[in-house]
Amino acid sequence: MACGGNVCRTENTAEPEASFDTEQRVIPLGEVVPSANSSKPGGDAHPSGAVGNASEGETWETRQAAMELCYAAAAGNTVLMQSLLDAGHNPCNSDYEGKTPLHLAAAAKTGALEVTKLLLSHRANVNAGDRWGQTALYQAQRAKNFEARQMLLDSGAELQNSSLRQQAADNLWSVNRAELHIERELSSTLKSIVHLANWRGTQVVVKCAKLDQVQLMKTYTERNKSEPSIGHSFNDDTLQAMHKELLHEIELLQSFRHPDLVMFMGAILEEEESVMFITEYMSGGDLERYFMEKRRQSNGELWRPSLWQLLDWSTAIARALSFLHNCSQPVVHRDLKPLNLLLTKKLELKVTDFGISKMIPHASSATDHEHYTMTGGVGSWLYMAPEVVRHKPYDVKVDIYSFGLILYFMSSGRSPFYDLGRDPELVLKEYIKGNEPRPRFQECAKQLQPFMCAAWHVDVSQRPSSQELVRELSALQAAPGKCTCLIS
Ligand SMILES: Nc1ncnc2c1ncn2[C@@H]1O[C@H](COP(=O)(O)OP(=O)(O)O)[C@@H](O)[C@H]1O
Ligand SMILES: [Mg+2]
């Protein structure tokens, strides 16, 4: 981009960024700084260069105030911003490009966080779109202002197809739908469909939201309000949440690069197409089905892997968690369970399904929350930490709890809490009553018992960190003369 004097222009019309003149004032690209005769009638030239064409109902003063706020935001100047807001300036007003002070604060190199916080506390519109429909969230993402981004998300900022589309184009992970040849369905839950497909000669997996089916169910429930037979009804909020969940998953996945996480390969975000994304194909399937198949092959006898295999798998999960929990913005998986652990042909294990990582707010209504946990199948509940069930504040240690139960599952060959009865809700009821049921660790490999007991500790602070788990499990793996029998 060439910038000469007070006039900035760009060849790229996709999304020019705001620029600054020598006095560091915002000059919208393509706008020429006014000459004396284009200035306010009877007054001085506008100091920021933002003149003329004020839309109907918008006064010169409003526009000027907006430009001052935008200047303070772009400069990360908290003191100036505070004084402008105290003087009653409206933080929702925008500049010529439709950018609000929040857009500029989110993209600022300095002071982004403080000014963003200030604007949000003065009720700036968190989802306002600029001339290109892009929001402050997109600006924060683009500027890699991750804390500001999180703050926007916490204040209700919504992910958008258009923003992700831009990211996909910038980072070359946009996939053309025509290149994707669907082969067969691998899995279908109430919220998503997963297909095996071929993309440029490689077998891949395609995941999309099951909006169409859900839409049908919604129509059905509207037509048959008196008939409870369908079991679920989806309101618009739930539909929206499902769409958002997929966008959220894409947003997270595209930022991960780790060998113990299923590899994201790209996404289809074309306007006229359903949103979907592709990942590497894990031909060994998920761990739940793998155990079921093994059990079927041994005529219903419990199947248990060797200690070597157990250590290999558990270290892979711990490494994946250590990566996620130590990202600059830590990621809590929140849905760790055997169905979300996938195997390669050579039985290497990788973690998948980031759909509900931070997606369900604590404050969501019980009904919506119920639908969401139910969509994943009963497994979701079994592996969920008590603090989540009780709607208590929680952190990355909920994944450590799930890790403990997964260790139990892998080592014993049984579902956790199988002894509580057939109703999978029983364990939830126990938690809600304040009880702390745990699986019988004595059924598991002796070497792993201390790991699971520590991981599902009632006192959250006593649960080990993922890094500690990696360290201890790796040491056990490396220990000479390790035992390959399961229960000693
Ligand atoms: N990359 C993959 N390779 C093989 N199977 C997969 C892959 N991704 C998902 N699956 C299968 O699809 C199921 C559902 O996928 P998942 O991403 O967990 O969707 P949901 O969010 O609906 O739970 C998994 O439990 C697994 O059986
Ligand atoms: Mg899943």
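Residue numbers for the sequence shown follow this note's numbering, so the first one is 118 and each next one is one higher. Cβ coordinates follow ideal geometry from the N, Cα and C atoms, glycine included.
Say yes only if the C-beta of residue i is nearer than 7 Å to one or more non-hydrogen atoms of ligand 1, and no if none qualify.
i: residue 406; result: yes
i: residue 382; result: no
i: residue 393; result: no
i: residue 402; result: yes
i: residue 547; result: no
i: residue 315; result: no
i: residue 532; result: no
i: residue 397; result: yes
i: residue 449; result: no
i: residue 319; result: no
i: residue 254; result: no
i: residue 474; result: no
i: residue 309; result: yes
i: residue 582; result: no
i: residue 324; result: yes
i: residue 528; result: no
i: residue 379; result: yes
i: residue 565; result: no
i: residue 306; result: yes
i: residue 499; result: no
i: residue 297; result: no
i: residue 237; result: no
i: residue 441; result: no
i: residue 453; result: no
Would you please state the rounded distance, in angstroms, between the beta carbons of residue i and residue j? I believe it to be under 8 Å.
i: residue 292; j: residue 383; result: 4 Å
i: residue 232; j: residue 222; result: 4 Å
i: residue 321; j: residue 367; result: Not quite, the Cβ-Cβ distance comes to about 15 Å (not below 8 Å), so this is no contact.
i: residue 386; j: residue 281; result: 5 Å
i: residue 225; j: residue 190; result: 7 Å
i: residue 296; j: residue 317; result: 6 Å
i: residue 593; j: residue 428; result: 6 Å
i: residue 411; j: residue 359; result: No, residue 411 and residue 359 are not in contact; Cβ-Cβ is about 33 Å, not under 8 Å.
i: residue 364; j: residue 278; result: 7 Å
Are the Cβ atoms of residue i and residue j separated by less than 8 Å?
i: residue 313; j: residue 398; result: yes
i: residue 270; j: residue 239; result: no
i: residue 459; j: residue 530; result: no
i: residue 436; j: residue 377; result: yes
i: residue 545; j: residue 522; result: no
i: residue 577; j: residue 514; result: yes
i: residue 96; j: residue 591; result: Absent from the structure is residue 96, since the part of the chain shown begins at 118 and ends at 605.
i: residue 275; j: residue 216; result: no
i: residue 534; j: residue 554; result: yes
i: residue 284; j: residue 258; result: yes
i: residue 447; j: residue 517; result: no
Should residue i go down as buried or exposed, given a rule of 16 or more other Cβ atoms within 10 Å for buried?
i: residue 228; result: buried
i: residue 187; result: buried
i: residue 540; result: exposed
i: residue 418; result: exposed
i: residue 204; result: exposed
i: residue 444; result: exposed
i: residue 423; result: exposed
i: residue 305; result: exposed
i: residue 290; result: buried
i: residue 469; result: buried
i: residue 595; result: exposed
i: residue 262; result: buried
i: residue 430; result: buried
i: residue 369; result: buried
i: residue 509; result: exposed
i: residue 71; result: The first residue shown for the chain is 118 and the last is 605, placing residue 71 beyond what the model contains.
i: residue 573; result: buried
Report whether the distance from the Cβ of residue i to the nearest heavy atom of ligand 2 is below 7 Å.
i: residue 470; result: yes
i: residue 363; result: no
i: residue 460; result: no
i: residue 456; result: yes
Leaving out the 5 sequence neighbours to the left and right, which residues in its chain are closer than 6 Å to residue i when beta-carbon positions are compared?
i: residue 565; result: 524, 528
i: residue 182; result: 206
i: residue 433; result: 377, 466
i: residue 375; result: 440
i: residue 473; result: 451, 452
i: residue 391; result: 325
i: residue 299; result: 312, 314
i: residue 585; result: none
Might you give, ordered along the chain, the residues of its own chain that have their beta carbon closer than 8 Å to the beta carbon of residue i, omitting 5 neighbours on each side?
i: residue 268; result: 230, 233, 234, 237
i: residue 505; result: 451, 511, 515
i: residue 549; result: 506, 507
Can you name, in chain order, every residue of its own chain whose Cβ lies under 7 Å from the Cβ of residue i, other than the five neighbours on each side?
i: residue 487; result: For residue 487, the predicted structure reports a pLDDT of 38, less than 50, and the residue's modelled location is therefore unreliable. The matter cannot be settled from this model.
i: residue 197; result: 189
i: residue 303; result: 311, 312, 313, 322
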